[in-house]
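Q:
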Amino acid sequence: MPDCFALRGNVCFASEKRELMTFPRTYVICEDGLCRGVCPELPREYAGIPIEDYGDCLIIPGMVDLHIHAPQFTYRSMGMDCELMEWLRRYAFPEEARYKDLDYAARAYGLFAGKMSSSATTRAVIFGTVHRDATILLMDLMESTGLISFVGKVNMDRNAPDELREESADASAFDTFGFINEANRRGYLRTKPILTPRFIPSCSDALLNELSEVRRAYDLPVQSHLSENPDEVRMVMRLMPDAAFYGDGYDRFGLFGREARTVMAHCIYSTDAEIERIRQNSVWVAHCPNSNMNLASGIAPVRRYLREGIRVGLGSDVAGGQTESMFRAVTDAIQVSKLYWRYVDEKAKPLTFPESFALATRSGGSFFGRVGSFEDGFEFDAVVLDDSVLPVSRPLTLAERLERAFYLGLDQHGIRAKYVRGLAVDRDFGSHHSSSSL
Ligand code: GUN
Ligand code: FE
Numbered sequence: 000m001p002d003c004f005a006l007r008g009n010v011c012f013a014s015e016k017r018e019l020m021t022f023p024r025t026y027v028i029c030e031d032g033l034c035r036g037v038c039p040e041l042p043r044e045y046a047g048i049p050i051e052d053y054g055d056c057l058i059i060p061g062m063v064d065l066h067i068h069a070p071q072f073t074y075r076s077m078g079m080d081c082e083l084m085e086w087l088r089r090y091a092f093p094e095e096a097r098y099k100d101l102d103y104a105a106r107a108y109g110l111f112a113g114k115m116s117s118s119a120t121t122r123a124v125i126f127g128t129v130h131r132d133a134t135i136l137l138m139d140l141m142e143s144t145g146l147i148s149f150v151g152k153v154n155m156d157r158n159a160p161d162e163l164r165e166e167s168a169d170a171s172a173f174d175t176f177g178f179i180n181e182a183n184r185r186g187y188l189r190t191k192p193i194l195t196p197r198f199i200p201s202c203s204d205a206l207l208n209e210l211s212e213v214r215r216a217y218d219l220p221v222q223s224h225l226s227e228n229p230d231e232v233r234m235v236m237r238l239m240p241d242a243a244f245y246g247d248g249y250d251r252f253g254l255f256g257r258e259a260r261t262v263m264a265h266c267i268y269s270t271d272a273e274i275e276r277i278r279q280n281s282v283w284v285a286h287c288p289n290s291n292m293n294l295a296s297g298i299a300p301v302r303r304y305l306r307e308g309i310r311v312g313l314g315s316d317v318a319g320g321q322t323e324s325m326f327r328a329v330t331d332a333i334q335v336s337k338l339y340w341r342y343v344d345e346k347a348k349p350l351t352f353p354e355s356f357a358l359a360t361r362s363g364g365s366f367f368g369r370v371g372s373f374e375d376g377f378e379f380d381a382v383v384l385d386d387s388v389l390p391v392s393r394p395l396t397l398a399e400r401l402e403r404a405f406y407l408g409l410d411q412h413g414i415r416a417k418y419v420r421g422l423a424v425d426r427d428f429g430s431h432h433s434s435s436s437l
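Using numbering that gives the first Met the number 0, the first residue of the sequence shown is number 0, and each one after it goes up by one.
(1) Comparing alpha-carbon positions, which option in Asn293, Ser143, Gly308, Ala242 lies nearest Ile274?
(2) Take the Cβ of Ser430 as the centre, count every other Cβ of all protein chains shown within 10 Å, and call the residue buried at 16 or more, exposed below.
(3) Should Asp316 be counted as a contact of ligand 2 given a C-beta to heavy atom distance under 6 angstroms?
(4) With a CB to CB cut of under 7 angstroms and the five nearest residues on each side skipped, what residues in its chain are close to Tyr304?
(5) Quick one: residues in its chain with C-beta nearer than 6 angstroms to the C-beta of Ser290, no 5 flanking neighbours on either side, listed in chain order?
(6) With DSSP collapsed to three states, give me the class of Ala318.
(7) What is the rounded straight-line gap between the Cα of Asn180 and the Cα of Gly186?
(8) In or out: Val335 buried (at least 16 other Cβ within 10 Å) or exposed?
(9) Out of Asn9, Ala5, Asp139, Pro1, which one is the CA nearest neighbour of Ser387?
(10) Skipping 5 residues on each side, what residues in its chain have a beta carbon closer than 7 angstroms to that of Ser171?
(11) Is it true that the CB of Thr261 sits closer than 7 angstroms to the CB of Val221?
(12) Which of the three DSSP states is assigned to Thr21 in this structure?
(13) I need the boundaries of the alpha helix (DSSP H) containing Asp55, first residue and last residue.
(14) Return yes when at least one heavy atom of ligand 1 lies under 6 angstroms from the C-beta of Ser362, else no.
(15) With a 10 Å radius around its C-beta and 16 neighbouring C-beta atoms as the bar for buried, classify Val391 as buried or exposed.
(16) Terminal residues of the continuous alpha helix (DSSP H) containing Arg35?
(17) Using only the heavy atoms of ligand 1, determine whether one of them is closer than 6 angstroms to the beta carbon of Ala133.
(18) If I follow the unbroken alpha helix (DSSP H) through Ala112, where does it start and stop?
(19) State yes or no: is the C-beta of Val370 within less than 7 angstroms of the C-beta of Gly376?
(20) Beta-carbon within less than 7 angstroms of Pro349's beta-carbon, same chain only, minus the 5 sequence neighbours each way: which residues are those?
(21) Quick check: what's the CA-CA separation for Met325 versus Gly314?
(22) Using the beta-carbon count (16 or more within 10 Å), is Met292 buried or exposed?
(23) So Ile147 is in the beta strand (DSSP E); what residue range does that whole segment cover?
(24) Less than 6 angstroms between C-beta atoms, sequence neighbours within five positions excluded: which residues of the same chain meet that for His130?
(25) Would you mind reading off the limits of the alpha helix (DSSP H) that contains Ala13?
(26) Is it buried or exposed, Lys346, if we count other Cβ atoms within 10 angstroms and call 16 or more buried?
(27) Go to Pro192, then tell me how far its beta strand (DSSP E) extends in each direction, as first and last residue.
(28) Note down the Cα distance separating Gly256 from Gly248, rounded to an integer number of angstroms.
(29) Look up Glu30 in the DSSP assignment and give the residues it is bridged to.
(30) On the criterion of 16 or more Cβ atoms from any shown chain inside 10 Å, does Lys417 qualify as buried, or is it exposed?
(31) Asp380 and Pro49 - do their beta-carbons sit closer together than 7 angstroms?
(32) Does DSSP put Asn180 in a helix, a strand or coil?
(33) DSSP has Trp283 in a bridge; who is on the other side?
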């Protein structure tokens, strides 16, 4: 007998065309972790299955965060006074160096995992630090949240402070092997390793070359950063003069899409040639508007990416991004697209709410497979939102209620329940796993 249940409520999700589909007081059926579609009445074959009736709540697919740095969670919303390269030097690197200490890592990652479980996020692609053991610890914690994630041990063998820089390309690759083997040995159901060369400024050619072999040997996905900041792009072109453009620097080592499932954060300053390669190689772009504002990085040409059929999802990019809230990412993406349209390109129509909602659900979700919708066959990730705390003076449509829930940040206090691949998540995870003494 398959494991079946249904939720009942006001079901909303984005269609493939990024239009909002809304179904008032509808059932959404889950069978063995997969969605079996929405229906106003339970079909006969599902008669008698357990039903969780969420009344007038909104039920949406879980949020997919395509780019977040777990070790930076501790200093989110601080240190917003400089651009990328100085910000890394002043804030990111010193904090990440602390994760050599496993006690610190346990405390800080406990807080991160707690926040992930209480958030609207059901899937995440996560950077750890260079430290193998701390990153395994992060994977243990993520596994117990019930979320599904990719987690990477960061590689960096140059342009980093001594206490964070790996000794050599060999040492970095060796630790990466160790990390992958340990992750595989632990047999996680929900947590998988991902190759994580931080970005080209911190990875020598020798290291990228070794990682290309690791990738092939284990058929791992890849995450990194691309064309985020003008100084960064100039530095890359100095460090790798033979590369045709920044992304070509990854592609030369087989770390840029094609057979390697790859997500690149930012892609703000991508040239025409780079954009064409992103498309050809089927690289996912993680658009991180909040980070791009905080670090004064700029605005990615998302409308163009969508027009050209490039895969785009959203990322919180904590701690360049000030918050892990993907509701915030959805509204920020819309807002920056309006500034881009007004100031940069009048032909780049601003994103609509349904479009941005689609990016945070099914578009980013495609990095994980069939994820981010309630259509038949998608993995069953759901967030139940109770918006009754928001006062109304007249009846609102479901579309209005959903938009308002995002703009007013209902993920902070209005989540009633969360399901990942059919399993209910304990959203109080944080309270029994971490100390609050940080
Ligand atoms: N590029 C290289 N490392 C980082 C990081 O930690 N955050 C952001 N936003 N960009 C990066
Ligand atoms: Fe980042």
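Where is the CB? At the ideal position from N, CA and C, for every residue including glycine.
A: Reading it off the structure:
(1) Gly308
(2) exposed
(3) yes
(4) Val284, Val311
(5) Asp316, Gly319, Gly320
(6) coil
(7) 10 angstroms
(8) buried
(9) Asn9
(10) Asn154, Asp156, Glu165, Leu206
(11) yes
(12) strand
(13) Element bounds for Asp55: not the alpha helix (DSSP H) but the beta strand (DSSP E), 50-60.
(14) no
(15) exposed
(16) Unbroken run through Arg35 is the beta strand (DSSP E), 33-38; no alpha helix (DSSP H).
(17) no
(18) 101-117
(19) no
(20) Ile333, Ser336, Lys337, Trp340
(21) 7 angstroms
(22) buried
(23) 147-151
(24) Tyr98, Lys99
(25) Looking at the DSSP string, Ala13 is not in any alpha helix (DSSP H); the run it does join, the beta strand (DSSP E), is 3-13.
(26) exposed
(27) 190-192
(28) 12 angstroms
(29) Cys3, Leu33
(30) buried
(31) no
(32) helix
(33) Val262, Arg310
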